[in-house]
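Peer 1: Protein sequence lines correspond, in order, to chains A and B. Here the first sequence is numbered in our numbering, starting from 53 and rising by one per residue. Here the second sequence is numbered in our numbering, starting from 13 and rising by one per residue.
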Amino acid sequence: MKRRNTSKIFYTLIFSITLMFSSCTTVKSYQSSFLKDSEMELNSRGLEEFENGFQSYREGAAGGNGGNIGGGCGCN
Amino acid sequence: MDVDAIKLLNSINKGQIKQLITLLFLATLQLTFLNTRLFGQQSDSLSTEIQIPSEKKPVQIDFMASYYNQDGNHSAVTGGEGSEDLNDYASTIKINIPLKKNKELRFDNKISHFTSASTDNIDPTTISAASRHDTHIEINANIIKKVVGKRNFDYNISLGGANEAHFASFNGGFGFRKAIEKSQSEIGVKTHFIMDAWGPYYNLSRLYPNDYYGTGDSPQNNRYTFQTALYYNQIINEKLQASITLDIIQQFGLLSTPYNRIYFSDQINIDIERLPSYKMRIPVSSRLNYYAANWLIIRSSYRFYWDSFELKAHTASLELPLKINRFFSLYPFYRYHIQYGNKYFEKKGDHISTNTYYTSDYDVSDLQSHFIGGGFKWIPFRKTKKRTTSRLNMKSVEMRAGYYRRNDDFHSWIISGGFSFNVLRKEETGK
Chain A
53 MKRRNTSKIF
63 YTLIFSITLM
73 FSSCTTVKSY
83 QSSFLKDSEM
93 ELNSRGLEEF
103 ENGFQSYREG
113 AAGGNGGNIG
123 GGCGCN
Chain B
13 MDVDAIKLLN
23 SINKGQIKQL
33 ITLLFLATLQ
43 LTFLNTRLFG
53 QQSDSLSTEI
63 QIPSEKKPVQ
73 IDFMASYYNQ
83 DGNHSAVTGG
93 EGSEDLNDYA
103 STIKINIPLK
113 KNKELRFDNK
123 ISHFTSASTD
133 NIDPTTISAA
143 SRHDTHIEIN
153 ANIIKKVVGK
163 RNFDYNISLG
173 GANEAHFASF
183 NGGFGFRKAI
193 EKSQSEIGVK
203 THFIMDAWGP
213 YYNLSRLYPN
223 DYYGTGDSPQ
233 NNRYTFQTAL
243 YYNQIINEKL
253 QASITLDIIQ
263 QFGLLSTPYN
273 RIYFSDQINI
283 DIERLPSYKM
293 RIPVSSRLNY
303 YAANWLIIRS
313 SYRFYWDSFE
323 LKAHTASLEL
333 PLKINRFFSL
343 YPFYRYHIQY
353 GNKYFEKKGD
363 HISTNTYYTS
373 DYDVSDLQSH
383 FIGGGFKWIP
393 FRKTKKRTTS
403 RLNMKSVEMR
413 AGYYRRNDDF
423 HSWIISGGFS
433 FNVLRKEETG
443 K
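(1) Using 8 Å as the threshold, is the stretch 78-89 of chain B in touch with the stretch 99-107 of chain A, meaning 3 or more CB pairs across them?
(2) Keeping to the same chain, check which residues put their C-beta closer than 6 Å to that of B/T327; ignore five residues upstream and five downstream.
(3) Would you check if there are 3 or more beta carbon pairs closer than 8 Å linking the stretch 287-305 of chain B to the stretch 246-258 of chain B?
(4) Measure the beta-carbon distance from B/L111 to B/E67 and round it to whole angstroms, keeping in mind my assumption that it falls under 8 Å.
(5) Examine chain A for any beta-carbon lying closer than 9 Å to the beta-carbon of B/T327, and answer yes or no.
(6) Closest to B/I336 by CA distance: which of B/A305, B/N419, B/F383 and B/A174 is it?
(7) From the beta carbon of B/E358, is the nearest beta carbon of chain A less than 9 Å away?
(8) What does the Cβ neighbour count give for B/D373, buried or exposed, with the cut at 16 atoms within 10 Å?
(9) In the DSSP output, what is B/N152 paired with across the bridge?
(10) 9 Å is my cut-off, CB to CB: does B/E150 come that close to chain E?
(11) Just to make sure I have the definition right: I need the residues of chain A whose C-beta is within less than 9 Å of the C-beta of B/H349. Which are they?
(12) With three or more beta-carbon pairs closer than 8 Å as the criterion, would you say the stretch 89-97 of chain B touches the stretch 379-393 of chain B?
(13) Contact check, B/T104 vs B/N121 under 8 Å by CB: the rounded distance?
(14) Okay, do the stretch 271-284 of chain B and the stretch 358-376 of chain B touch, 3+ Cβ pairs below 8 Å being the bar?
(15) How about B/K158: is its C-beta nearer than 9 Å to some C-beta of chain A?
(16) By the DSSP assignment, the alpha helix (DSSP H) with B/R286 in it spans what residues?
(17) Give the secondary structure of A/F102 by DSSP, where H, G and I count as helix, E and B as strand, and everything else as coil.
(18) Taking the beta strand (DSSP E) that B/Q263 falls in, what are its first and last residues?
(19) Please look up how many angstroms separate the CB atoms of B/E198 and B/N245, rounded, as I've assumed it's under 8 Å.
(20) Keeping to the same chain, check which residues put their C-beta closer than 8 Å to that of B/A142; ignore five residues upstream and five downstream.
(21) Is the CB of B/T257 under 9 Å away from at least one CB in chain A?
(22) Does B/W210 pass the burial test, meaning 16 or more other C-beta atoms within 10 Å, or should it be called exposed?
(23) Cβ closer than 8 Å: which chain A residues qualify as neighbours of B/P288?
(24) Where DSSP assigns a beta bridge to B/F383, which residues make up the other side?
(25) Hey, could you find the ends of the beta strand (DSSP E) B/A328 is sitting in?
(26) Note the first and the last residue of the continuous beta strand (DSSP E) segment covering B/H204.
(27) Shorter than 9 Å from the beta carbon of B/G429 to some beta carbon of chain A?
(28) How is the beta strand (DSSP E) around B/S320 delimited, first residue to last?
(29) Taking its Cβ as the centre, do 16 or more other Cβ atoms sit within 10 Å of A/S108, making it buried, or is it exposed?
(30) Can you tell me which residues form a DSSP beta bridge with B/A305?
(31) Where does the unbroken beta strand (DSSP E) through B/S95 begin, and where does it stop?
(32) Suppose contacts are defined by Cβ-Cβ distances below 9 Å. Is B/I169 in contact with B/N154 by that definition?
(33) For B/I73, write down the residues that DSSP places opposite it in a beta bridge.
(34) Looking at C-alpha atoms only, which residue of B/L323, B/P344, B/L334 and B/W318 is the closest neighbour of B/G353?
(35) Could you check what DSSP says for A/E93 in three-state terms: helix, strand or coil?
(36) Please name the residue or residues paired with B/T368 in a DSSP beta bridge.
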C-alpha cells in the first residue's frame with residue numbers, strides 16, 4: 053500500500069473544523085430541544101466500548117475515542 | 013529513560029509536532045476570542061458523560077453484554093501464519109450513585125471470557141494447552157465532585173485494576189471539566205496512568221514459546237502508560253454540535269508480546285517479538301452531530317493517528333439514527349479504517365536476524381478494514397397518569413450488531429445488548 057501525504061489531509065481537516073467553529077450562534081434554552089436529544093450526545097454509545105476494544109486489539113491505532121489507549125490488557 | 017528512547021525522541025520530526033501543537037493552540041485562541049463576543053443569554057449546560065451529582069437523583073445501573081467471534085490466517089503467536097479463531101463473551105455492569113455535597117460515585121466491573129486458537133499455540137507440542145482460554149476481570153471506581161456557583165466545574169479521581177492468567181494491571185487518573193456558558197462550550201483535561209505486568213505471578217520466561225531457546229533478554233516485564241487527553245465540545249447552532257479530542261500517550265517498558273514468534277530468512281532458530289521500550293501515540297479525533305430532521309440525525313466521527321513506530325491511520329465513521337417515534341430509533345452504521353503499518357513489521361520468514369526490533373503481528377501492518385452494522389434503541393415510557401410507586405424504572409434498552417472485515421481476510425462479527433434503569437430514592441416514590 054503506497055503511503056499518501058497524510059499531512060495535507062490532516063491540516064485541511066483541522067482548518068475546516070476551525071472555520072466551522074467560527075460560525076457559532078447563541079442557542080437559547082427553548083431552542084435547545086434538538087441538542088438535548090439522546091442521539092445527539094457527543095460521546096460514543098455505551099455498547100461501542102466492546103467494539104472499541106476489539107478494534108484497538110486488531111488495528112495498530114488506539115485512543116481518541118474514550119476507549120482502550122493501548123494498556124490495561126494483554127495486548128499491544 | 014534508556015538509549016532507545018533517547019534516540020527515538022531525537023529522531024522524531026519535532027517540526028511536525030510543533031506545527032500540530034501550534035495549529036491547535038491558534039485554533040483554540042481563535043475559538044475563545046470569537047465565542048466570548050457572543051454575549052447571549054444563559055444556556056443550559058452541555059449534555060456530557062458526567063451526570064450532575066445530587067443526593068436526590070436516582071441511582072443509575074447499566075448492564076451490557078456481548079458475544080464476539082473472529083477468524084483469520086495471520087496469527088502473531090505462530091509468526092504471522094495460523095488460525096486467529098477466537099470467541100469472547102463479555103459483560104459489564106456500571107453503577108452511578110449520587111452522594112451528598114454534589115458528589116457522585118461510579119463503579120464499573122467487566123468480565124470477559126475468551127477462547128483462542130492462537131494462544132493455544134504458545135506450546136506447540138500439545139493439542140490443547142492451558143492458554144487456550146482465559147478470563148479478563150476489570151474493576152474501576154470513579155468519584156466525581158461538582159463545584160457550583162461562579163466557578164462551575166467538575167473534577168474526578170479514578171482507580172482501578174485488571175487481571176488475566178498471564179497479565180495484571182493497575183490504573184489511576186484525574187480529570188477536570190468546565191462548561192463555559194457564554195460561549196456554549198466545554199473544555200476538559202484528563203490524565204491517566206496504567207501499570208501493566210506480564211506474568212506477574214511467575215517468571216516471564218514461562219510465557220515464551222516452547223520452541224524458543226533464547227533467554228529473552230528482557231530486563232523487565234512491566235509496561236507503563238501515561239495519557240494526557242484534552243477535549244473541547246462546542247454547540248454551533250440549535251441543530252449542530254461538535255467536539256475535538258487530542259490524546260498524548262506515552263508508553264515505556266515491555267511493549268512487545270512475549271509469546272509472539274519471529275521467523276527469519278537467514279536462520280532456522282526462531283526469536284520472540286522485540287520492540288523498542290518507548291512509544292508515543294497521538295490520536296486526534298473529532299465528532300460532529302447534526303439534527304437533520306425530526307426523523308433523522310447524522311452522527312459522524314474522524315480520527316487521525318500517529319505513533320513513534322511510524323504507524324499512521326485514518327478512521328472515519330458514520331451513523332444515521334432514524335427516529336421512528338420519540339421512544340424508538342433504528343440506526344445503521346459504517347466505519348472505515350486505513351493504516352500504514354509500523355516500520356518493524358515483516359511477513360513470516362522475511363525478517364533479518366541482525367535487526368534489533370521485529371514483529372510479524374498483522375494488526376500493525378498496512379491494512380484497510382470495514383465495519384458495518386446496525387442497532388436499535390428503545391426508551392420505555394409510562395403512559396399512566398398515576399404517580400409511580402415502583403422504585404425501579406427502565407431507562408433504555410439497546411442492541412447492536414456488526415460485521416468487520418480486513419483486507420487480509422481477517423473477519424469478525426459482534427453482537428451486543430444492554431439496558432439501563434434508575435433506582436429511585438424513597439422520597440420520589442412517596443413510600
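Heads up, the beta-carbon is just placed ideally off N, CA and C, and yes, glycines get one too.
Peer 2: To lay it out plainly:
(1) yes
(2) R315 and H349
(3) yes
(4) 6 Å
(5) yes
(6) B/A305
(7) no
(8) buried
(9) B/D120 and B/G172
(10) Absent from the structure is chain E; the protein chains it does hold are A and B.
(11) Q107, E111 and A113
(12) no
(13) 7 Å
(14) yes
(15) no
(16) Counting along the chain, B/R286 falls outside any alpha helix (DSSP H), and DSSP gives it neither H nor E.
(17) helix
(18) L252 to G265
(19) 4 Å
(20) Because B/A142 carries a pLDDT of 45, less than 50, the predicted location of this residue cannot be relied on, and the following value inherits that uncertainty. Result list for B/A142: A177, in chain order.
(21) yes
(22) buried
(23) Residues of chain A passing the Cβ test: none, with the nearest at roughly 12 Å.
(24) B/R347 and B/Y416
(25) K324 to E331
(26) S197 to W210
(27) yes
(28) Where B/S320 is concerned, there is no enclosing beta strand (DSSP E), given that its DSSP letter is neither H nor E.
(29) buried
(30) B/L308
(31) That residue, B/S95, is in no beta strand (DSSP E); it is neither H nor E in DSSP.
(32) yes
(33) B/I107 and B/F433
(34) B/L323
(35) coil
(36) Partner(s): none; B/T368 has no beta bridge.
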